[in-house]
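Numbering (our numbering), first residue to last: -6 to 406.
We put the CB at the ideal spot given by N, CA and C, even for glycine.
Quick caveat, the model's predicted, so the values are computed rather than measured.
Structure record follows, encoded as structure tokens.
Printed below as a string of structure tokens:
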């Protein structure tokens, strides 16, 4: 079917989409090249041409992943065979950016269809949460069709605000609790972040946060930013991202310093390139600045058995494989006052000791989480005291040599 790729009310390009597979078959009549999604234009014979494969990767990347909890049952309820089929049913509209597709010949405007200003259906969210049955009359106008991530989640309008509600995973369903704990820690450290709160639905815990993207801003992930240009031979992934941000006028280093140190404290295992980035003005394409920290739930040993919770080795992302290696990328700890976390264990214990929470997080597990969190704070305090230029990893090296990494990890982990 023929569509026009839109960026708010700006006509970007004419495209042809296969409704069954969501594949973009052709790209014609590019009208606003500068508004194309980042990373879908490549140089070819001295002319910039749309990379159709990259555009397809961006487009299908907007759909619910096949790894989403419960997606198989949801698709069966909806009577469709893949989540890609949901994209055009909501015109590709999202609450993270302002791209959408307008059917050829239509005169609809962004103001009339966007989810920032207009109400949207709860039908898809109900299906994703398994609270509805098969029907022939589903209203597909929902930002849930374009939500990413593996955990069960949905968008809901609460007190006029667009809010994201997200579940936890078995066996402890701990991610919603972790989001609240992370918010407390970030508050104390003065790090820009999105606050999370707890919601109970049918005696199950969910985290809730307000949407931080607005009608005049949009989120551009680090993974998308890193498609602006190829990585150079002298760049590791950290320097690649830092340099790209510098080239577009953003000093991202202070934000990364805070993110890396915070992720060490909470033992975050899933800070991938898709859950941090920059905010951009969709109208002027000017960069606003770093996005606040969000999506911190895959942390605090969320899926580890209590007996294994005190393990020192934590595999992490995005720049290095362990927190010990990643901390060496921090340029400065001058901003960090760990005394602000004094008594954090009491705050966590007070929060987690709710009877409803204790059904998921036992008193023994609560104590182990608090103890190990304090251990990591104390270790980080030692690292900050010993932090010298000689201990910094060279940003021009892709990886430290094995001896260097091993000796440093012994000190840090």
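Sequence-distant residues of the same chain with beta carbon closer than 7 Å to residue i, five excluded per side
| i | result |
| --- | --- |
| residue 363 | 338, 341, 342 |
| residue 97 | -5, -4, -3 |
| residue 248 | 283 |
| residue 323 | 250, 253, 254 |
Contact under 9 Å by Cβ, residue i with residue j
| i | j | result |
| --- | --- | --- |
| residue 418 | residue 131 | Outside the displayed range of the chain (-6 to 406) lies residue 418, so it cannot be described from this structure. |
| residue 370 | residue 331 | yes |
| residue 133 | residue -1 | no |
| residue 55 | residue 80 | yes |
| residue 187 | residue 31 | no |
| residue 288 | residue 280 | no |
| residue 182 | residue 297 | no |
| residue 88 | residue 51 | no |
| residue 83 | residue 138 | yes |
| residue 459 | residue 286 | The first residue shown for the chain is -6 and the last is 406, placing residue 459 beyond what the model contains. |
| residue 254 | residue 329 | yes |
| residue 35 | residue 5 | no |
| residue 295 | residue 373 | no |
| residue 43 | residue 16 | no |
| residue 24 | residue 11 | no |
| residue 380 | residue 326 | yes |
| residue 109 | residue 264 | no |
| residue 261 | residue 299 | no |
| residue 135 | residue 152 | no |
| residue 170 | residue 350 | yes |
| residue 212 | residue 272 | yes |
| residue 365 | residue 302 | yes |
| residue 154 | residue 204 | yes |
| residue 70 | residue 127 | yes |
| residue 1 | residue 347 | no |
| residue 123 | residue 66 | yes |
DSSP state of residue i mapped onto helix, strand, coil
| i | result |
| --- | --- |
| residue 309 | coil |
| residue 388 | In this prediction, residue 388 has a pLDDT of 42, which is less than 50 and means its spatial position is unreliable; what the coordinates show is noted afterwards. Coil, per DSSP. |
| residue 235 | helix |
| residue 328 | coil |
| residue 39 | In this prediction, residue 39 scores a pLDDT of 48, lower than 50, which makes its location untrustworthy; the coordinate-derived value is nonetheless stated afterwards. In the structure shown, residue 39 sits in coil (DSSP, three-state: anything other than H, G, I, E or B). |
| residue 10 | strand |
| residue 352 | coil |
| residue -1 | strand |
| residue -6 | coil |
| residue 124 | coil |
| residue 93 | strand |
| residue 291 | coil |
| residue 136 | helix |
| residue 247 | helix |
| residue 18 | strand |
| residue 73 | coil |
| residue 105 | helix |
| residue 302 | coil |
| residue 4 | strand |
| residue 322 | coil |
| residue 372 | helix |
| residue 297 | coil |
| residue 56 | coil |
| residue 314 | coil |
| residue 286 | strand |
| residue 377 | helix |
Residues near residue i in its chain [Cβ-Cβ closer than 8 Å; skip 5 each side]
| i | result |
| --- | --- |
| residue 244 | 238 |
| residue 60 | 143 |
| residue 166 | 160, 197, 198, 353 |
| residue 278 | 27, 28 |
| residue 62 | 143, 144, 145, 160, 162 |
| residue 101 | 95 |
| residue 58 | 64, 76, 141, 142, 143 |
| residue 111 | 105 |
Same chain, Cβ closer than 6 Å to residue i, five either side skipped, listed in chain order
| i | result |
| --- | --- |
| residue 189 | 172, 173, 176, 200, 202 |
| residue 39 | For residue 39, the predicted structure reports a pLDDT of 48, less than 50, and the residue's modelled location is therefore unreliable. A value from the coordinates is still provided. Nothing meets the Cβ criterion. |
| residue 313 | 319 |
| residue 224 | 233 |
| residue 125 | 119 |
| residue 241 | 280 |
| residue 396 | Confidence in residue 396 is poor, its pLDDT being 40 and thus under 50, which makes the residue's placement unreliable; the coordinate value appears in the next sentence. So no residue of the chain qualifies. |
| residue 307 | 260, 316 |
| residue 9 | -5, 18, 19 |
Any non-hydrogen atom of the ligand MG within 8 Å of residue i CB
| i | result |
| --- | --- |
| residue 152 | Among the components modelled here there is no ligand, and therefore nothing to report on the ligand MG. |
Give a yes or no on contact between the region 268 to 279 and the region 356 to 376, applying the rule of three or more CB pairs nearer than 8 Å.
-> Between the region 268 to 279 and the region 356 to 376, the count of Cβ pairs shorter than 8 Å is below three; the stretches do not touch.
TODO: Could you name each continuous beta strand (DSSP E) segment of 3 residues or more that falls completely within the region 252 to 281, going from the start of the chain to the end?
DONE: Fully contained in the region 252 to 281 are the following beta strand (DSSP E) runs of length 3 or more, in chain order: 270 to 273.
Continuous beta strand (DSSP E) assignments of at least 3 residues falling wholly in the region 161 to 238 | 190 to 194, 197 to 203, 211 to 214
Check: Counting Cβ pairs, one atom from each stretch, are 3 or more of them under 8 Å apart for the region 150 to 159 and the region 62 to 77?
Finding: Short answer: they don't touch.
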